[in-house]
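Here the sequence shown is numbered in my numbering, starting from 2 and rising by one per residue.
Each residue gets a CB set at the ideal place from its N, CA and C atoms; glycine is no exception.
Heads up: the structure comes next, in structure tokens.
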Amino acid sequence: MRAVPASKVWVTGLTVGAIAAVTVLAVQADKGPKPHAVAARPSASATAHPKPTASKAPAAVPDGSGTGRRIVYSLGRRTVWLVDAGDAARRTFAVWPGTVAPDPGTYTVGTRTEGPITGSDGVQIEHIVYFSVKSGSNIAFSNALDGSSPPPASGTPTGGIRMRAADGTAMWAFGTAGTKVAVVK
């Protein structure tokens, strides 16, 4: 029987350690990201609008919002759910609506614009996910680059539904063209 060189023992030990570390990280990643609060930087355009807060666990998806993979937007709660094909909420977050609200019903994501662009209220926005038009205003989810939720421009109809940047990134990844959007009261 031949002796195993010390270098092979070291390589084997390091390989086993690396595999164990990757396995631990994979198990942690499989549990998914946990929503957390993100502090928005104050801006000159920030208002007394309540700041959205992240929920620790996704709230129950509203009844009557349909089934399957979809975005659910509650007008009264000012909340959005990203719902997977198994009807489980994968992410829930508060939003700031504009002055023009979509009617309750089912819509489909049409166009998307990654941005940044200037919104109808003069604020730089990104991750714009369009799903309706009402009274000549495009209705879309987006997030302000500076994290603010400015008041809608006086007398200017706005259909933007704003969210925090992290939620905007999640919406952009989830709300691909053709995704159902259920708007509930």
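Check                                                                                                        : Outcome
Cutoff 7 Å; reference S133; Cβ partners in own chain excluding five residues on either side                  : P103, Y108, I140
Three or more C-beta pairs below 8 Å linking the region 164-175 and the region 85-105                        : yes
Backbone secondary structure at A171 - three-state DSSP                                                      : helix
F175, buried or exposed, once every other Cβ within 10 Å from all chains shown has been counted against 16   : buried
Three-state secondary structure (DSSP) of A166                                                               : helix
Test item: CB-CB of T180 and V110 under 8 Å                                                                  : yes
Simplified DSSP assignment, three categories, for L83                                                        : strand
Buried or exposed (CB count within 10 angstroms, at least 16 for buried), G69                                : exposed
Simplified DSSP state of V182, which is helix, strand or coil                                                : strand
G161 classed as buried or exposed, judged by whether at least 16 other C-beta atoms fall within 10 angstroms : buried
Inter-residue Cα distance where the pair is G99 and R163                                                     : 8 Å
Pairwise C-alpha distance: G87 and V130                                                                      : 23 Å
Bridge partner(s) assigned by DSSP for R70                                                                   : According to DSSP, R70 bridges with nothing at all.
Limits of the unbroken beta strand (DSSP E) element including A145                                           : 138-145
Per-residue burial, A61 [other beta carbons within 10 Å of its own, 16 or more giving buried]                : exposed
Short Cβ contact (8 Å threshold) for V73 with V185                                                           : yes
Start-to-end residues for the beta strand (DSSP E) that takes in R92                                         : 90-95
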